[in-house]
Amino acid sequence: MTCSLLRRVAAIFYDSILLSAVLFFSTLIIMPFTHGQAITSGNISFNIYLLFISCLYFTWQWQHGGQTLGMLAWKIKLVDTSAQNVSWGKATMRFLLAIISLVCFGAGFIWSIFDHEKLAFHDRYSGTRLILVTK
Numbered sequence: 029m030t031c032s033l034l035r036r037v038a039a040i041f042y043d044s045i046l047l048s049a050v051l052f053f054s055t056l057i058i059m060p061f062t063h064g065q066a067i068t069s070g071n072i073s074f075n076i077y078l079l080f081i082s083c084l085y086f087t088w089q090w091q092h093g094g095q096t097l098g099m100l101a102w103k104i105k106l107v108d109t110s111a112q113n114v115s116w117g118k119a120t121m122r123f124l125l126a127i128i129s130l131v132c133f134g135a136g137f138i139w140s141i142f143d144h145e146k147l148a149f150h151d152r153y154s155g156t157r158l159i160l161v162t163k
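For the sequence shown, our numbering begins at 29 and goes up steadily by one.
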């Protein structure tokens, strides 16, 4: 059974709060290298660093158990099309496609309303799906 758009959005909200904390501490870690100076807005290497940390946050959890903390709270799990744990490659592809889904004003998520299997754009093209956990 696939999950609804409302559950997806709720899990995204939870995970965005948790990701904010992760990114805060990730920034704190590199502060000694900037000698306590603020990192300038638009610093491309810092933005790539934060994108890498974000990718690692999601892909590691998806690959090890299929759930972020937000997904765990809303009882949804990420699996591949054969209902197995996702690989690093599929998890990374899903993350990158989900960024595109978000940047396009959430169109990739709204896609799930009209998809016959209720898959979001990034799930359809990464070979993954969200399922409800009934335990």
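All C-beta atoms, glycine included, are put in the ideal place defined by N, C-alpha and C.
Cut-off 6 angstroms between Cβ atoms - residues of its own chain near residue i, not counting five sequence neighbours on either side
i: PHE74; result: ILE67
i: ASP151; result: ARG157
Among the options, the one whose alpha carbon lies nearest that of residue i
i: GLY64; options: ASN71, GLY117, ILE72, THR55; result: THR55
i: GLY155; options: ILE141, LEU79, MET121; result: MET121
i: ILE40; options: ALA126, ASP143, TRP139; result: ALA126
i: LEU84; options: PHE137, ALA119, LEU33, ASN113; result: ALA119
i: ALA49; options: VAL114, LEU78, LEU106, SER129; result: LEU78
i: GLN89; options: ASN113, GLY70, ILE128, LEU147; result: ASN113
i: GLY98; options: LYS163, ASP43, ILE128; result: ASP43
i: LYS163; options: ALA135, ALA101, ILE58; result: ALA101
Where residue i falls: helix, strand or coil (DSSP)
i: LEU147; result: coil
i: THR156; result: strand
i: GLN89; result: helix
i: GLY117; result: helix
i: GLY134; result: coil
i: THR162; result: coil
i: ALA126; result: helix
Segment limits, alpha helix (DSSP H) that includes residue i
i: ILE104; result: Run containing ILE104: none in the alpha helix (DSSP H); it sits in the beta strand (DSSP E), 104-108.
i: ILE67; result: Segment: none, ILE67 is in no alpha helix (DSSP H) and carries neither H nor E.
i: SER44; result: 33-58
i: GLY98; result: 97-101
Same chain, Cβ closer than 8 angstroms to residue i, five either side skipped, listed in chain order
i: ILE104; result: CYS31, ARG35, ARG36, ALA39, GLN95, LEU158, ILE159, LEU160, VAL161
8 angstroms contact criterion, which residue i and residue j should meet: CB distance rounded
i: LEU51; j: ILE72; result: Wrong, their Cβ atoms sit about 16 angstroms apart, outside the cutoff.
i: PHE137; j: LEU47; result: Wrong, their Cβ atoms sit about 17 angstroms apart, outside the cutoff.
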